[in-house]
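So in the numbering used here, spot 283 of the sequence shown is number 283, and the numbers just go up one at a time.
Each residue gets a CB set at the ideal place from its N, CA and C atoms; glycine is no exception.
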Amino acid sequence: MTTFAPMWTRSRYNPETLQMEEAKLTGREIFQLVGLRVAFVLAIGAGSVWLFDQVFQSPADRARDREIAFLERQLEEMRGEVALMEGALGDLAQRDDAVYRTILGVQPVPDHLRHPGIGGVDRQANVRGHVHSEEVAELKDRIASLQRSLVAQSKSLDEVTDMALEYEKRLESIPAIQPVRNEDLGRMASGWGYRIHPIYKVRKFHYGMDFSAPEGTEVFATGDGEVVKVKRLYNGYGRHIVIRHGFGYETLYAHLSKSNVRRGDKVKRGQVIGLVGSTGTSTSSHLHYEVHKDGRKVNPAHYYFNDLSPAEYEQMLEAADLENQSLD
Numbered sequence: 001m002t003t004f005a006p007m008w009t010r011s012r013y014n015p016e017t018l019q020m021e022e023a024k025l026t027g028r029e030i031f032q033l034v035g036l037r038v039a040f041v042l043a044i045g046a047g048s049v050w051l052f053d054q055v056f057q058s059p060a061d062r063a064r065d066r067e068i069a070f071l072e073r074q075l076e077e078m079r080g081e082v083a084l085m086e087g088a089l090g091d092l093a094q095r096d097d098a099v100y101r102t103i104l105g106v107q108p109v110p111d112h113l114r115h116p117g118i119g120g121v122d123r124q125a126n127v128r129g130h131v132h133s134e135e136v137a138e139l140k141d142r143i144a145s146l147q148r149s150l151v152a153q154s155k156s157l158d159e160v161t162d163m164a165l166e167y168e169k170r171l172e173s174i175p176a177i178q179p180v181r182n183e184d185l186g187r188m189a190s191g192w193g194y195r196i197h198p199i200y201k202v203r204k205f206h207y208g209m210d211f212s213a214p215e216g217t218e219v220f221a222t223g224d225g226e227v228v229k230v231k232r233l234y235n236g237y238g239r240h241i242v243i244r245h246g247f248g249y250e251t252l253y254a255h256l257s258k259s260n261v262r263r264g265d266k267v268k269r270g271q272v273i274g275l276v277g278s279t280g281t282s283t284s285s286h287l288h289y290e291v292h293k294d295g296r297k298v299n300p301a302h303y304y305f306n307d308l309s310p311a312e313y314e315q316m317l318e319a320a321d322l323e324n325q326s327l328d
């Protein structure tokens, strides 16, 4: 009859008797045997669970995995879009400081205003501790920083726009053309500086320029502005007009035969405001023209840059520098 060995025994070969004999296991051997069996059972169980999960995954789990994969792709796309916006904003800020503000002659925006920080509590605490929480928190911080920088850049561009409009207005207001048509510069009768007075025959400083022209020749406003004086005197300037251009500039047009504007009128550069004459203290038909800056009379020859080429400007300066007899 076949018999089964007790569970905690094993057969051993006895070299003396030349037979297999049953021997009891030691405690250590029993512990090792039990441990191996338990480990084997656990490994089989874990492998079965993993295999079941992979092969027989529930619809909810599969839907969850697809959603996670989709959100990961969305996260990566958003990261790329934020990087593009950061680059575009950086380029705009560079042009703002290096081009626009340089042209307008104003200081660049300080870095602490262009990139305002934000302190206080952790604003991304609600997303930390979840899947991809660090990536989401980092991206939200970048978006928040981008939003603050966009607000700062928007304010800067508003300022630049206002400054550009003011600059354009200033350019249009500067008296930058000659007050009569003078293509060949032949009407330059007398310039700025000491001249012989035509009546008193003494050497006096002539605060303006005289343009010789037939009576009735059109006289133009040399810059945008407002007419602040239209007056007729029987001596001195005779019939004359004063235009206030703003930014410290005023111009005077004297000895007119007729004025086409009234006090308070708004005028544009090149607009006809009167006609050449010989009223007041004058020896012949001409226009006496003055430019005032911040209350001081200045040489009008320095303000004809919109009218003349460099060669013509040099020719005009030479004619204006001749110390001859003025016409008033």
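{"Item": "Rounded C-alpha distance that separates Val-227 from Arg-142", "Value": "55 Å"}
{"Item": "Nearest-angstrom beta carbon gap, Val-272 and Gly-225 [assumed within contact, 8 Å]", "Value": "The pair is not a contact, with the Cβ atoms about 15 Å apart (cut-off 8 Å)."}
{"Item": "Counted within 10 angstroms of its Cβ, other Cβ atoms place Tyr-253 as buried (16 or more) or exposed", "Value": "buried"}
{"Item": "Close Cβ partners of Leu-317 (< 7 Å) along its chain, the five nearest in sequence each way excluded", "Value": "Ala-301"}
{"Item": "Residues bridged to Thr-251 (per DSSP)", "Value": "Ile-243 and Val-291"}
{"Item": "Expected contact under 8 Å - CB spacing of Gly-270 and Ala-213 to nearest Å", "Value": "With 8 Å as the limit, Gly-270 and Ala-213 do not qualify as a contact, their Cβ atoms being about 17 Å apart."}
{"Item": "Gly-248 vs Ile-174 beta-carbon contact at 8 Å", "Value": "no"}
{"Item": "Own chain, CB closer than 8 Å to Glu-86, minus 5 neighbours either side, in chain order", "Value": "Arg-142 and Leu-146"}
{"Item": "Whole-Å CB distance - His-255 paired with His-206, under 8 Å assumed", "Value": "With a Cβ gap of about 14 Å, His-255 and His-206 do not count as contacting."}
{"Item": "Below-8 Å beta-carbon distance, Leu-139 vs any chain B residue", "Value": "Although the question refers to chain B, the structure presented lacks it and comprises just one protein chain."}
{"Item": "Given 8 Å, three or more beta-carbon pairs between the segment 231 to 246 and the segment 255 to 265", "Value": "yes"}
{"Item": "Short Cβ contact (8 Å threshold) for Gly-208 with Glu-290", "Value": "yes"}
{"Item": "Same chain, Cβ closer than 7 Å to Glu-250, neighbours up to 5 away in sequence not counted", "Value": "Val-242, Ile-243, Arg-244 and His-292"}
{"Item": "Alpha-carbon to alpha-carbon, Asn-235 and Ser-282", "Value": "8 Å"}
{"Item": "Between the CA atoms of Leu-71 and Ile-44 - distance to the nearest angstrom", "Value": "35 Å"}
{"Item": "Straight-line Cα distance separating Lys-231 from Val-160", "Value": "41 Å"}
{"Item": "First and last residue of the uninterrupted beta strand (DSSP E) at Leu-275", "Value": "272 to 276"}
{"Item": "In DSSP terms, what His-286 is bridged to", "Value": "Ser-212 and Gly-277"}
{"Item": "Backbone secondary structure at Leu-308 - three-state DSSP", "Value": "coil"}
{"Item": "Assumed close pair Leu-139, Val-82 - CB separation to whole angstroms, cut-off 8 Å", "Value": "7 Å"}
{"Item": "N- and C-terminal bounds of the beta strand (DSSP E) containing Arg-296", "Value": "296 to 298"}
{"Item": "Leu-256 - containing beta strand (DSSP E), residue span", "Value": "256 to 259"}
{"Item": "Nearest-angstrom beta carbon gap, Gln-153 and Leu-92 [assumed within contact, 8 Å]", "Value": "6 Å"}
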